[in-house]
Structure formats: C-alpha cells, structure tokens
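**Q**
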Amino acid sequence: MSKISEIASTFFAYLKRPDLYPELRRKIWKNIFNRSSALRGKEDAEKWCASLAISEKDFIENVLKTSFIPFEKLFPQEFADALQVQAKAPVKLGGAGSLSVIYYINEFTNAQKTVETGVAYGWSSFAALASLVHRNGTLYSSDMPYLLQNQSEDFVGCVIPQKYRNNWDLYRYADKESLPKIFGKANSFDVVHYDSDKSYNGRIWAYNLLFSKVRKGGIFMSDDIGDNAAFKDFCESKNLQPYIVEFDGKYAGLIIKD
Ligand SMILES: C[S@@+](CC[C@H](N)C(=O)[O-])C[C@H]1O[C@@H](n2cnc3c(N)ncnc32)[C@H](O)[C@@H]1O
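If you use the UniProt record's numbering, the sequence shown corresponds to residues 1 to 258, in order.
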C-alpha cells in the first residue's frame, strides 16, 4: 500500500469510529508538528539499556527471589492452545514481550488489580491473568484497535484462555480515553504494564499518570524502552532506579515503587 493510500485508509477507518475522533485529532496534530517523537534519543537509550540489562532469569531469581520456570512450561496446555488460536487468526497484530516477567511480577506483588495498555493478540494479558485469577483479581486493559486491518478488533485478546475472561475488563479506546474510564473503576494498582503508544510524548504522558497509580511496593513495567529516551528520561527526572531486562533483543524497564 502506498503512503498516500495508507493515510487515506486510516483516515476513513477513523471516520467510522466516533469514539476514536479524539485520537484522530491527536494523530493529525502529531503528524504535522511532532514527527520526530518516535525515535527521540534512541541511540542514547539503547546504550543505557545495554549497560544495565540483565536476563529475565536473573531478574526473576535475583530481584523477585523466586525460582524461574518459563511461563510456557508453567502453563503448557494453555500456551499450546493460545499458539493455535494465533496461528488461525487472519490478522497480524503486535508481538509479545517477556511473558515470564509479566507473570512473576503479578505473583511477586500478590496482584489484585493490574492495568495494562496494549493488548493485540493478548499474550501479555494471558500472562497477567494466569496469576491474577488465583486471587480473583482483575486485569484492566486499554487497547485502541489497529484501524488498517478489517476484523482486527475481533482478534484483540484472542489468545486469552476463556476460563480467564471473567477477570478481564477491556476498554477499546485510545489510552487517553481508556485510562480515565479505568481509573473510575480502580485508582491504585499492584502492577502497571505499558505496551501501547511507543512515541516519546505518548510514553511521557502515560508514564507520569500510570506511575502515580502504582501502590507502594507495586511494580511499573514498560516494554521496548530502547525505542527512544522516554523511559530513561522519566527515571532520571524522578531519580528512580529501574531494572532493565533484555528479552528477544529488546528491553523492558521495571521499577519497584518505594
Ligand atoms: C505491541 S502491541 C501490544 C502487545 C501485547 N501487550 C502483548 O504482549 O501481546 C500494541 C497494542 O497497543 C495498541 N495501541 C497503540 N497505540 C495505542 C493508544 N494510543 N491507545 C491504546 N492502544 C494503543 C495497538 O493497537 C496494539 O494493539
């Protein structure tokens, strides 16, 4: 698809969704005035991540002090079923990060309330819910559908096992609309996992808001922090000491709130 026809299709897809008009306005503004936000400070961020990174096993065993069994080995049947569901999906959605880290941070905090931004097929939701359901906790998720793919909305969260879905509360809007709705339901969280708008400005806005909602002793996590310097700048400006976990050639940042 050429760039022009992609822009036109996106625009018309948004027009059919009045609930996403605020995001359409923001996207137009960003494309005119703030095009460099995606990669701002990427080189520095990658160096910083590489200098601090540890493996998921090190993080789980040495920081969370739990023995590490990979998520797919803890839930082999559910994981195999989820892979089959993904293979049959006719749309290609965003990929998952470290499911083990997501599962174990929910275990570590005895999470009752977790919020995540960015669902796609629902791998991270699956991992959080696998822990939350044992305490009858709730996962609040925000996900704005991919508008360039017909049907993509039908497949948001498709890999989440049916038996977990009573504990899942999904908001299908952009984060700027979803998060206030979620905070109307719950105002403090054991775990926050950020994996949606990856632009520098989008992250800074969401990090400030979401971090303020993490309870003392809870965990804040963001995926893909090497994409730009937002996570690094956020930690430095607030004097926070993050853990950085390398997984599949990418970096996730985690902060245990004092
Ligand atoms: C990388 S995928 C999420 C992957 C998921 N966390 C996992 O581990 O399987 C990013 C998702 O965030 C959604 N998204 C992007 N920008 C968003 C925004 N501003 N508000 C809400 N969702 C957004 C995308 O549509 C996509 O479904």
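Glycine residues also receive a C-beta, built at the ideal position from the N, C-alpha and C atoms.
1. Quick one: using the 10 Å Cβ neighbour count with 16 as the cut-off for buried, is N106 buried or exposed?
2. Going by alpha carbons, who is nearest to L147 out of L24, S2 and I4?
3. Quick check: what's the CA-CA separation for residue 312 versus N110?
4. Tell me whether the stretch 94–104 and the stretch 244–252 touch, counting them as touching only if at least three CB pairs, one residue from each stretch, are closer than 8 Å.
5. Can we count W123 as close to ligand 1, meaning its CB is less than 7 Å from some heavy atom?
6. How far does the beta strand (DSSP E) with V13 in it reach, from first residue to last?
7. Tell me whether M221, by its Cβ, gets closer than 7 Å to a heavy atom of ligand 1.
8. Taking the straight line between their C-alpha atoms, what separation do you get for D175 and I69?
9. Is Y164 near ligand 1, in the sense that its beta carbon is under 7 Å from a heavy atom of that ligand?
10. Going by C-alpha to C-alpha distance, which of N167, E116 and S100 sits closest to F183?
11. Please list the terminal residues of the continuous alpha helix (DSSP H) segment that includes A82.
12. Only counting runs of 4 or more residues, tell me where the alpha helix (DSSP H) segments fall wholly within the stretch 109–147, in order along the chain.
13. Distance check for R203 and P180, CA to CA, integer angstroms please.
14. The beta strand (DSSP E) spanning R215 covers which residue range?
15. Please determine whether the Cβ atom of T10 lies at a distance below 7 Å from any heavy atom of ligand 1.
16. Is it true that the stretch 82–89 meets the stretch 152–165, where meeting means three or more beta-carbon pairs spaced less than 8 Å apart?
17. May I ask which residues mark the beginning and end of the beta strand (DSSP E) holding K250?
18. Could you compute how far the alpha carbon of K232 sits from the alpha carbon of K47?
**A** If we stick to the structure as given:
1. buried
2. L24
3. In the structure displayed, the chain extends from 1 to 258; residue 312 sits before or after that span and is not available.
4. yes
5. yes
6. Looking at the sequence provided, one finds Ala at residue 13 rather than Val. Where A13 is concerned, there is no enclosing beta strand (DSSP E), although the alpha helix (DSSP H) it sits in stretches over K3 to L15.
7. no
8. 32 Å
9. no
10. E116
11. P76 to K88
12. 123–132
13. 16 Å
14. V214 to S222
15. no
16. yes
17. K250 to I256
18. 11 Å
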